[in-house]
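J.: So that you can map any letter, position 28 of the sequence shown is 28 in the working numbering, and since no number is skipped, the others follow by simple counting. We put the CB at the ideal spot given by N, CA and C, even for glycine. The following block contains the structure, expressed as structure tokens.
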Amino acid sequence: MDKFVWAMAAMAALLALIIGGGFVATEYVKKHPEMFEVKPQK
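Below, the structure written as structure tokens:
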């Protein structure tokens, strides 16, 4: 049962990290749109 609880906690933390990161990235793009208009040439 302990392993199951640890797995659930790990997945919840990972999901929160992904959602939080996506939200922060979206807000950052809104504030600095000029940085993402020019695509770097490789």
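1) CA-CA distance, residue 17 and residue 24?
2) Could you give the distance in angstroms between the alpha-carbon of residue 14 and the alpha-carbon of residue 28?
3) For residue 31 and residue 12, I'd like the C-alpha separation in whole angstroms.
4) Please report the straight-line C-alpha distance between residue 37 and residue 4, rounded to a whole angstrom.
T.: Inspection of the coordinates gives the following:
1) The sequence position of residue 17 within the sequence shown is 17, counting from 1. The sequence position of residue 24 within the sequence shown is 24, counting from 1. Computed Cα separation, rounded: 10 angstroms.
2) As a first step, residue 14 must be located in the sequence shown, where it is residue number 14. As a first step, residue 28 must be located in the sequence shown, where it is residue number 28. One C-alpha to the other measures close to 21 angstroms.
3) Here residue 31 refers to the residue found at position 31 of the sequence shown. Here residue 12 refers to the residue found at position 12 of the sequence shown. Near 29 angstroms, if we compare the C-alpha coordinates of residue 12 and residue 31.
4) As a working note, residue 37 is residue 37 in the sequence shown. As a working note, residue 4 is residue 4 in the sequence shown. Near 44 angstroms, if we compare the C-alpha coordinates of residue 4 and residue 37.
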